[in-house]
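Working notes, structure below.
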Amino acid sequence: MGFRLTPQDTSFFSLFATTAGLLVDATRELTRFLEVEPSGRQAVADRLRDLEHSADDATHELINKVNSSFITPFDREDIHDLAARLDDCMDLIEEAADLIVLYRIGELPKGLADQFEILARMAEVTAEAMPKLRSLKDLSNYWIEINRLENQADSLHRTMMADLFNNATDALHVIKVKSIIDGFENAADSFEKVAHTVEGIAVKES
Amino acid sequence: MGFRLTPQDTSFFSLFATTAGLLVDATRELTRFLEVEPSGRQAVADRLRDLEHSADDATHELINKVNSSFITPFDREDIHDLAARLDDCMDLIEEAADLIVLYRIGELPKGLADQFEILARMAEVTAEAMPKLRSLKDLSNYWIEINRLENQADSLHRTMMADLFNNATDALHVIKVKSIIDGFENAADSFEKVAHTVEGIAVKES
Amino acid sequence: MGFRLTPQDTSFFSLFATTAGLLVDATRELTRFLEVEPSGRQAVADRLRDLEHSADDATHELINKVNSSFITPFDREDIHDLAARLDDCMDLIEEAADLIVLYRIGELPKGLADQFEILARMAEVTAEAMPKLRSLKDLSNYWIEINRLENQADSLHRTMMADLFNNATDALHVIKVKSIIDGFENAADSFEKVAHTVEGIAVKES
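Chains as they are written, first to last, in this note's numbering: chain A, -16 to 189; chain B, -16 to 189; chain C, -16 to 189.
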């Protein structure tokens, strides 16, 4: 296993850790929506846009590194896939957050705080798993926890949708809020896809 | 080919057959929505939830089996992918079915019976294909039939959407019914993705 | 590299070029929607349906070719994947275009011309990249340009959605227009997935 500790290899793992760390930052930034006045939401969305750009940079660095490295810690196409999947998480978080500003929805839907909390936990669990890519061991707790969180997100999403319709009067408002709630649910799904990709790599390399 | 008949290998195929069999059960259960009063729909959704849990168990058993087997009938990551794809079918069926209850939509949309019939046929065709994974032969009828059914589902979906809008008065009702119809169309797409995954395995191993 | 110039190999690349060429035709056909009266839209949708069928035929020919060839220019499953991804682009373009007719939306949304222009450029760039699959070199401009176009499409999509809601009075009209705008945005995403698949192949074979 020692040969995996060469400088090149280390930086693959550290680039994955960087991206996952940016996801932790992004999900923490989300909770700012709950604290600020509607007039302060644009600044939160802007900060998420910056984090998305940083994640893009880290992803491109990873892809370039794969292309220029003779030795990679696992199959090139799997590194490429995992990088893209992590990038998807950030894109979906930023996109859903932007809708909050774009649709000028006023009062935030009940339950959004819970969606944010689940996403924050998913990001943390994902970031904690990245260093374990080195050995591809001890990852089963990560999958179990992501799976549990995704089930929780799914159940919350259904409750939020039912609430939205059962208290609805304005159809346009419903369409807007539904887009936002669905957007964050897609983000939760994307963390599960990251876990699935890691599981696929572990299965293949085992 | 005889070496594939060892006990371990057999149970990979039988686990795939189990999951596909649960999909057949689930699509049959769907038709119960057409027979019961609105008050009886929760019981149907509950039964689908149970089937989804059983499918989850079968999927986890498959993943564990891949991780603990020295010899697998085809590449580990492909077994993993196929298991996940089959699981997606069940998740999407259960999710769309739950919306029927959650959104309290009253009268079911015209065309739902046809969506259910196509999904039932897709599940049957998929279940019939699973034992053929052993030899990866004679699968072209499966792909052709799934493709034909998906085209049929797609065409039905478009007709249902046009009907929905052309007879619409209540926008909130339209949003609810659209979510349900779209959900079952996603389920039909997911059966096509299973077929695509099987096709990819056959292409690779041929 | 000369051995890749055998007749069989050539036709894999020419089949990819054929499908990409059909995407160029399809995106050009889209602009016809902007020129015809509403009564002429069905004819445009019909022509797109024909192009979709031609793309299906090319895809099936590719899959059959993979299955019957001893030697393939790169891994069989990757040829299969790329063919499916290109087919997705056509399916999504045809589907979104069909909604224009199906939903009888009258006046086309502002910004649609720009969506069409971006899709046309994506199709052209993709078609230009297909011959480079032979050497898997000089593809970075293709990825950069597709990425740039997808960001542009994404930004346009958000502006269109904000405009739609901020000028909205009729919720049913909003749902219809949103479906169409979202459909073309999904098509733009699908071109990025093609680029991602090509990138994955290049990474793997490098």
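Every residue, glycine too, gets a C-beta built ideally from N, C-alpha and C.
Inter-residue Cα distance where the pair is V181 (chain B) and A3 (chain B): Mapped onto the second sequence, residue 181 (chain B) falls at position 198. Mapped onto the second sequence, residue 3 (chain B) falls at position 20. Distance between the alpha carbons of V181 (chain B) and A3 (chain B): 13 angstroms.
Touching by the beta-carbon criterion (3+ pairs, under 8 angstroms), the segment 161 to 168 of chain A and the segment 5 to 21 of chain B: no
First through last residue of the alpha helix (DSSP H) which encompasses I88 (chain C): For the purposes of this step, residue 88 (chain C) is identified with residue 105 of the third sequence, where counting begins at 1. Element bounds for I88 (chain C): n/a, residue is neither H nor E.
Reduced DSSP category for V157 (chain B) - H, G, I as helix; E, B as strand; rest coil: Looking up residue 157 (chain B) in the second sequence gives position 174. In this structure, V157 (chain B) counts as helix in the three-state DSSP scheme.
Short CB-CB distance (under 8 angstroms) between R125 (chain A) and chain C: The residue labelled residue 125 (chain A) in the question sits at position 142 within the first sequence. Note on identity: in this sequence residue 125 (chain A) is Tyr, with Arg being the wrong assignment. Judged by the 8 angstroms Cβ criterion, Y125 (chain A) is not in contact with chain C.
Endpoints, alpha helix (DSSP H) assigned at S149 (chain A): On the first sequence, position 166 is the one that residue 149 (chain A) refers to. According to the sequence provided, residue 149 (chain A) is Asn. The question's Ser does not apply to it. Segment 123 to 149, the alpha helix (DSSP H) holding N149 (chain A).
Chain-ordered chain B contacts of A151 (chain A) [CB-CB under 8 angstroms]: Residue numbering aside, residue 151 (chain A) sits at position 168 when the first sequence is read from its first letter. Those are L155, listed as they occur along chain B.
Near-chain B residues of the segment 49 to 81 of chain A - C-beta to any C-beta below 7 angstroms: none
DSSP state of E18 (chain C) mapped onto helix, strand, coil: In the third sequence, counting from the first residue as 1, residue 18 (chain C) sits at position 35. Per DSSP, reduced to three states, the secondary structure at E18 (chain C) is coil, with no helix or strand assignment.
G23 (chain B) (DSSP reduced to helix, strand or coil): For the purposes of this step, residue 23 (chain B) is taken as residue 40 along the second sequence, with counting starting at 1. It is helical.
Pairwise C-alpha distance: E77 (chain B) and F16 (chain B): Counting from one through the second sequence, the residue named residue 16 (chain B) turns up at place 33. Counting from one through the second sequence, the residue named residue 77 (chain B) turns up at place 94. In a straight line, the C-alpha of F16 (chain B) is about 13 angstroms away from that of E77 (chain B).
Within chain A, the residues that M144 (chain C) reaches when beta carbons sit closer than 7 angstroms: One-based indexing of the third sequence puts residue 144 (chain C) at position 161. By Cβ distance, chain A contributes L85.
Buried or exposed (CB count within 10 angstroms, at least 16 for buried), I127 (chain A): What you label residue 127 (chain A) is simply residue 144 of the first sequence in a count that begins at 1. The residue in question, I127 (chain A), is exposed, as its Cβ has fewer than 16 Cβ neighbours within 10 Å.
Exposure label - T1 (chain B); buried when at least 16 CB within 10 Å: On the second sequence, residue 1 (chain B) is found 18 positions in, with the first residue counted as 1. T1 (chain B) is buried by the Cβ-count criterion.
Close beta carbons around I62 (chain B), own chain, < 8 angstroms, minus the five adjacent residues each side: Your numbering for residue 62 (chain B) matches position 79 in the second sequence. If we look at I62 (chain B) and ignore the five residues flanking it on each side, its Cβ neighbours are F(-5), L45, V49, T55, P56.
Terminal residues of the alpha helix (DSSP H) in which L95 (chain C) lies: Position 112 of the third sequence, counted from the start, is the residue given in the question as residue 95 (chain C). 95 to 112 is the extent of the alpha helix (DSSP H) around L95 (chain C).
Three-way DSSP call (helix, strand, coil) for T55 (chain C) in this model: Reading the third sequence from its first residue, position 72 is the one you call residue 55 (chain C). In this structure, T55 (chain C) counts as coil in the three-state DSSP scheme.
Three-way DSSP call (helix, strand, coil) for K48 (chain B) in this model: Residue mapping note: residue 48 (chain B) aligns to position 65 of the second sequence, counting from 1. Three-state DSSP puts K48 (chain B) in a helix.
Residue-level contact to chain C via CB, V177 (chain B), 8 angstroms cutoff: Position 194 of the second sequence, counting from 1, holds the residue named residue 177 (chain B). Not one chain C Cβ lies under 8 angstroms of V177 (chain B).
Helix, strand or coil at T152 (chain B) [DSSP, three-state]: Mapped onto the second sequence, residue 152 (chain B) falls at position 169. DSSP places T152 (chain B) in the coil class of the three-state scheme, outside both helix and strand.
Proximity test, Cβ basis, 8 angstroms: F148 (chain C) and chain A: Counting from one through the third sequence, the residue named residue 148 (chain C) turns up at place 165. Judged by the 8 angstroms Cβ criterion, F148 (chain C) is in contact with chain A.
F53 (chain A) classed as buried or exposed, judged by whether at least 16 other C-beta atoms fall within 10 angstroms: In the first sequence, the residue the question calls residue 53 (chain A) occupies position 70. F53 (chain A) is exposed by the Cβ-count criterion.
Partners in chain A for K159 (chain B), counting only beta-carbon separations shorter than 8 angstroms: Here residue 159 (chain B) is taken as the residue at index 176 of the second sequence, counted from 1. What K159 (chain B) touches in chain A: F148.
Cα-Cα separation, R68 (chain B) to E18 (chain C): Start at 1 with the first residue of the second sequence, and residue 68 (chain B) comes out as number 85. Start at 1 with the first residue of the third sequence, and residue 18 (chain C) comes out as number 35. One C-alpha to the other measures close to 42 angstroms.
Between the CA atoms of S(-3) (chain B) and L119 (chain B) - distance to the nearest angstrom: Position 136 of the second sequence, counting from 1, holds the residue named residue 119 (chain B). Position 14 of the second sequence, counting from 1, holds the residue named residue -3 (chain B). If I take the Cα positions, the gap works out to 15 angstroms.
Buried or exposed by the 16-neighbour rule on C-beta atoms within 10 Å, applied to G183 (chain A): To locate residue 183 (chain A), count along the first sequence from 1; it is residue 200. Label assigned to G183 (chain A): buried.
Amino acids of chain B, ordered along the chain, whose beta-carbon sits closer than 8 angstroms to that of E182 (chain A): Your numbering for residue 182 (chain A) matches position 199 in the first sequence. Ordered by position in chain B, the residues that pass the 8 angstroms Cβ test against E182 (chain A) are I46, H63.
Among C:Y125, C:R131, C:E60, C:G94, nearest to V146 (chain C) - alpha-carbon criterion: Residue numbering aside, residue 146 (chain C) sits at position 163 when the third sequence is read from its first letter. The question names Val, yet the displayed sequence has Asp at residue 146 (chain C). Out of C:Y125, C:R131, C:E60, C:G94, C:G94 has the C-alpha closest to the C-alpha of D146 (chain C).
Cβ of K120 (chain A) within 8 angstroms of any chain B Cβ: As a position in the first sequence, residue 120 (chain A) is number 137, starting the count at 1. Under the Cβ criterion of 8 angstroms, K120 (chain A) is not counted among the residues facing chain B.
Inter-residue CB distance, A38 (chain B) and M73 (chain B) (contact presumed, cutoff 8 angstroms): Walking along the second sequence from the start, residue 38 (chain B) turns up at place 55. Walking along the second sequence from the start, residue 73 (chain B) turns up at place 90. The Cβ separation is near 4 angstroms, so the contact holds.
Own chain, CB closer than 8 angstroms to L31 (chain A), minus 5 neighbours either side, in chain order: In the first sequence, residue 31 (chain A) corresponds to position 48, counting from 1. Take L31 (chain A), set aside five residues on each side of it, and the residues of its chain with a beta-carbon closer than 8 angstroms to its own are A9, E12, L13, I76, E77, A80, D81, in chain order.
Among C:I129, C:S51, C:R24, C:A106, the one whose alpha carbon lies nearest that of H179 (chain C): For the purposes of this step, residue 179 (chain C) is taken as the residue at position 196 of the third sequence. The alpha carbon of H179 (chain C) has as its nearest neighbour, out of C:I129, C:S51, C:R24, C:A106, the alpha carbon of C:I129.
7 angstroms Cβ cut-off: residues of chain B touching R141 (chain A): Here residue 141 (chain A) corresponds to residue number 158 of the first sequence, with the count starting at 1. Within 7 angstroms Cβ-Cβ: D81, L85.
8 angstroms Cβ cutoff, S37 (chain B) in contact with chain C: One-based indexing of the second sequence puts residue 37 (chain B) at position 54. No, because no Cβ of chain C sits closer than 8 angstroms to the Cβ of S37 (chain B).
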